Structures are given as structure tokens and as C-alpha cells.
Amino acid sequence: MGFQQKHKITVVGSGNWGCAIAKIVAENAAAYPDLFEEKVEMWVFEENVEVINTVHENVKYLPGIQLPVNLHANPSLEDAVKDSTLLIFNLPHQFIIKTCESIKGKISPYARGISCIKGVDVNASGIHLFSETIGRILGIYCGALSGANIASEVALEKWSETSVAYDPPHQDSKAPTPQLTPTGSQTNLVEFQHKDTSGQVSEVKLQALPVSYPPVDHALWKSVFHRPYFHVRVVNDVAGVSISGALKNVVALAAGWVVGMGWGDNAKAAIMRVGLMEMVKFGDTFFSATIDNRTFTDESAGVADLITSSSGGRNFRCAMHSVERKLPIEEIEKQELNGQKLQGTLTAYEVNSFLKNQGMEDEFPLFTAVYRILEGTMKVEEIPQYIERPPSRTSPASQNSGDKDGARFGAARL
Ligand SMILES: NC(=O)c1ccc[n+]([C@@H]2O[C@H](COP(=O)([O-])OP(=O)(O)OC[C@H]3O[C@@H](n4cnc5c(N)ncnc54)[C@H](O)[C@@H]3O)[C@@H](O)[C@H]2O)c1
Ligand SMILES: O=P(O)(O)OC[C@H](O)CO
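Just so we're aligned, residue 76 is where the sequence shown starts under our numbering, counting upward by one.
Structure representation (C-alpha cells):
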């Protein structure tokens, strides 16, 4: 006999997407009382927690959206993550490493995580997924969530899809059952009565039962995130889900610039085509051991996110306005986003520094062009010439297959 404890959920971050995801998670915590503690913690870095906890609205980052009453804004990160078994990381990527380092050793060793962050961690040792970086710092397994999800639409409960990627090593599922002290109002103390021969209760003892949690698997994560208006598909491809979410932000900048130039939808489609090819090629080249190329086409995290981001995303809109208003994109970011952060600009620099180190800038002309335009060493007008491909060569193999360009989607060819 054992005591099944409920999972406690904490969302680390309370920005535009942080609050939209926290709303979803808190709705599900209330909907599945057998699986989750009802109260969901949300770490808040700078906003007034009193307002969030009394008015149930984040007036700075998600104005006009009613947050669930069981979502508790907490200014103490250490307190917010204490005893939580499901940690959801949702911050602009530039803040996540410092944030995780501050709670190293202060979380449950049995916690599992999901990173909702769209970015890559580039440092002297190379390029890493944020799910890996979070997992390494905190000593836990972390998966990823990414999809065609503009936060304001999701928060208004307009239907969308997302991809959750979770693929812990085999031994993770066989890890010993955690023997933890129950938290909150839960107790694993059970009363045992000893009766004498006449049936009278002679002794009452309290005994502590071993504690366990519902297994953290694909089904559990679906229960955390799936809502009638937010459809979740759980897959194994953490690299594909994470890489597409990070790189589409770089492509969306270029899409915004060409639209800002007044070049129209055909030009934007060309940018998206080349961008998608470079996203696939990047995954193929640097994450070939684990990535599944079908993610780019088949899952929400792939081309669907590229399309929505290049239509109404912040990176797209700020890039477009920067051309229209002839202002640096950082200036537009300050004017338009009220503290929200663009991820594409920093990612373009990070990806470029990685490609430069690999001697591969020329192999990714669109990513390189975005970096150079941000740097001021290239103009938007130069993009068409710069990304133009050399004439295609016809190989015997491709003639046989009837594919004149030798194009195979999985082997991104520029
Ligand atoms: N907003 C969207 O539509 C959307 C959708 C999907 C994914 N994402 C991704 O989710 C991640 C989080 O985005 P967001 O929209 O929630 O953030 P945001 O752009 O709204 O940024 C504001 C957040 O950053 C926090 N912050 C500011 N300075 C900080 C610091 N020094 N340390 C720690 N935190 C600090 C703020 O407190 C706030 O929580 C990003 O990687 C983003 O690409 C965003
Ligand atoms: O607003 P953006 O450009 O940060 O994009 C938001 C989401 O990532 C779209 O899925």
C-alpha cells in the first residue's frame, strides 16, 4: 500500500507567454484534482504580485485577460519552486541561465521540467538546447514546448495547436520511486486501529505510507497543457521542437523587413521558403544524432510556427515597423512591446557567432544576412541577391527519381 501524492506545478516566468501558459496550466490543475495540487505557483520577477493575486490579471504583460484564481503569483523564486515536481520554464532566453543558477540545489531532485523558451544556448562549448541547459544546471530531465502560439490569441482561447517534446532516458522512468514528505494539505499518515478480542479499539497508531507520484510521461504532460482551445501533441523530438522554435524568430525578422519595404506577400513567401530550408539544414547539420526532420513539416513547432510568426509575431511586426519608420529595431522594441522581449535579434547574433566558429556562414545565407542587417553591414535590398541559389545541378540519381533538382526535403539543399 502506498500514498499517491499529487504533482505540484510551478511556472517560472510571468511575461506575455508565461502568463498565457500559466493560465492553461492552472485551468488543468483545477480540472484534474487527482493528478495535480490545485494551487499553481507562478514566479514573478518584477510585476506587482498583489495586483495579480487580487485582480487576477497581469496588467503589464497580459492585460485584459482574467487569470484563474488558483494561480498564485510569487515574487520569491525559491519559494515558488520549493517542493514542485513539475517545473515549467517560460522566460525570455537571455534570463534563464541566471534564473536556474539561483535555484540550483533548491528544487526537488525528483522534479521534471518543460522549457517553453524559444532560443538556443550558444557559448564557447558550442550550441545547446535550453531544455538541455536547464536540465544540466538543475540536475533534472527537461523537455520542450513550442508551437504556432501567439500568446495573445492563446490567452483569448482562440484555438491553436502546440508540440510538447519529452523523451527522458530509459532509466529515468525506472528511477526509484521518490520517498518524499507530502506537502501542503496532503498527508501520508494513515490511522491503524488495533482491536482486542471483544472488538474494542485498544490502540491507535499513525503509520507513514511510502509516497509516490503519478508517472511523468506523455499522458501526464498532455494533462498539464491540453485544453479545448489549445491542442497538444506530445512527441519525442526535443531537438526538432526546440530548434524550429528558436530559428523561426530569425526568419520572421527578415519576413518583417521585406514586408516593411512594401515588397508584398510573394517576397515574404520567398523568405519563409529559404528560412525553412535553413532551419532544416541547421538541424540536420548540428543535431543529426537526435533530430527528426518530420517535425519541421508535421508538427505545430515547425512550419506552422514559422507561418504564424511571420504574420503576427512580435519579431515580424517590430522588423516591419523598423523599416517603415526608419528606426533601429531595438527602438521599436522599446516603443511597441512595453517590456516584452524580442528573441529573434539576440538569436541571430548567437546563431551567427556559432556559424562563424564552424566556418559555415556562407552555408546559411539568410541567417547570415539577418545578422549583417542587424549589424548594419548589409541592407535589406541586398537580401534577394545574397540568398539566390546557384543554378541546380542534375545528378543521375535525381534523374532516376524524376526529381530534377535532386531535392529531398529532409536533406535541406540550398
Ligand atoms: N509572447 C509570445 O507570443 C510567445 C509565444 C510562444 C513562445 N514565446 C517564448 O516564450 C519565452 C518567454 O516569452 P514571454 O512572452 O513570456 O516574455 P516577455 O517577452 O513578455 O518578457 C517579459 C518577461 O521577462 C521577465 N524579465 C525581464 N527582465 C528579467 C530579468 N532580468 N530576469 C528574469 N526575468 C526578467 C519579465 O518579468 C517578464 O516575465 C520566449 O522565449 C518567447 O520566445 C513567446
Ligand atoms: O511574437 P514572437 O515573434 O516572439 O513569436 C511568438 C510565438 O513564438 C509565435 O509562435
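Glycine included, C-beta positions come from ideal geometry on N, C-alpha and C. Because the structure is a prediction, the values reported are computed rather than measured.
CB-CB length for residue i against residue j, believed under 8 Å
{"i": "Ala-394", "j": "Leu-322", "result": "With 8 Å as the limit, Ala-394 and Leu-322 do not qualify as a contact, their Cβ atoms being about 15 Å apart."}
{"i": "Ile-96", "j": "Ile-163", "result": "6 Å"}
{"i": "Val-326", "j": "Met-352", "result": "About 10 Å; that fails the 8 Å criterion."}
{"i": "Leu-213", "j": "Val-313", "result": "Actually they are not in contact, since the Cβ atoms of Leu-213 and Val-313 sit about 16 Å apart, beyond 8 Å."}
{"i": "Ser-177", "j": "Thr-160", "result": "Not confirmed; about 19 Å, so no contact."}
{"i": "Ser-384", "j": "Asn-324", "result": "7 Å"}
Proximal residues to residue i (C-beta, below 8 Å), its chain only, five neighbours per side dropped
{"i": "Leu-430", "result": "Glu-436, Glu-438, Phe-439, Phe-442 and Thr-443"}
{"i": "Ile-404", "result": "Leu-328, Cys-393, Ala-394, Ser-397, Leu-417, Thr-420 and Leu-449"}
{"i": "Ile-366", "result": "Asp-312, Ala-314, Gly-315, Ile-318, Gly-358 and Asp-359"}
{"i": "Glu-278", "result": "Gln-268 and His-269"}
{"i": "Cys-175", "result": "Phe-164, Thr-208, Ile-209, Ile-212 and Leu-213"}
{"i": "Cys-94", "result": "Met-117, Asn-133, Tyr-136, Leu-137, Ile-140, Leu-142, Ala-226 and Ala-230"}
Beta bridge counterpart(s) of residue i as assigned by DSSP
{"i": "Gly-188", "result": "Leu-162 and Cys-217"}
{"i": "Thr-533", "result": "No answer is possible for residue 533: it lies beyond the span of the chain, which begins at 76 and ends at 489."}
{"i": "Ala-148", "result": "Met-117"}
{"i": "Leu-137", "result": "Asn-133"}
{"i": "Ala-283", "result": "Leu-264"}
{"i": "Thr-85", "result": "Glu-116 and Leu-162"}
{"i": "Phe-111", "result": "His-82"}
{"i": "Leu-204", "result": "Val-195"}
{"i": "Arg-464", "result": "Paired residues: none, contrary to the question."}
Within 8 Å, strictly: CB atoms of residue i and residue j
{"i": "Gly-188", "j": "Ile-215", "result": "yes"}
{"i": "Leu-146", "j": "Val-115", "result": "yes"}
{"i": "Leu-220", "j": "Thr-237", "result": "yes"}
{"i": "Glu-102", "j": "Pro-143", "result": "yes"}
{"i": "Val-156", "j": "Met-117", "result": "no"}
{"i": "Ile-318", "j": "Phe-267", "result": "no"}
{"i": "Leu-284", "j": "Gly-434", "result": "no"}
{"i": "Val-334", "j": "Lys-343", "result": "yes"}
{"i": "Arg-302", "j": "Ile-99", "result": "yes"}
{"i": "Gly-218", "j": "Val-239", "result": "yes"}
{"i": "Thr-370", "j": "Ala-364", "result": "no"}
{"i": "Ser-407", "j": "Ala-223", "result": "Reading off the sequence shown, one finds Ile at residue 407, where the question assumed Ser. No, Cβ-Cβ distance for Ile-407 and Ala-223 is not below 8 Å."}
{"i": "Asn-41", "j": "Gly-337", "result": "Any answer about residue 41 is impossible in this case: the structure gives the chain only from 76 up to 489."}
Check: residue i C-beta below 7 Å from any heavy atom of ligand 2
{"i": "Asn-198", "result": "no"}
{"i": "Arg-308", "result": "no"}
{"i": "Thr-383", "result": "yes"}
{"i": "Ala-219", "result": "no"}
{"i": "Gly-388", "result": "yes"}
{"i": "Ala-327", "result": "yes"}
{"i": "Phe-391", "result": "yes"}
{"i": "Asn-324", "result": "yes"}
{"i": "Asp-359", "result": "no"}
{"i": "Asp-109", "result": "no"}
{"i": "Asp-380", "result": "yes"}
Same chain, Cβ closer than 6 Å to residue i, neighbours up to 5 away in sequence not counted
{"i": "Glu-108", "result": "The residue asked about is misnamed: residue 108 is Pro in this sequence, not Glu. Hits under 6 Å: none found."}
{"i": "Thr-462", "result": "Checking the displayed sequence, the identity of residue 462 turns out to be Ile instead of Thr. Excluding sequence neighbours, Ile-462 sits near Val-349, Pro-440 and Leu-441."}
{"i": "Val-265", "result": "Gln-282 and Leu-284"}
{"i": "Lys-578", "result": "This structure leaves residue 578 out entirely; the chain is present only between 76 and 489."}
Own chain residues within Cβ distance below 7 Å of residue i, not counting five before or after
{"i": "Trp-92", "result": "Asn-165, Cys-191 and Ala-226"}
{"i": "Phe-361", "result": "Ile-202"}
{"i": "Val-119", "result": "Ser-89, Ile-127, Ala-148, Asn-149 and Pro-150"}
Residues passing the C-beta test against ligand 4 heavy atoms, cut-off 6 Å: Among the ligands in the structure shown, ligand 4 does not appear; only ligand 1 and ligand 2 can be found there.
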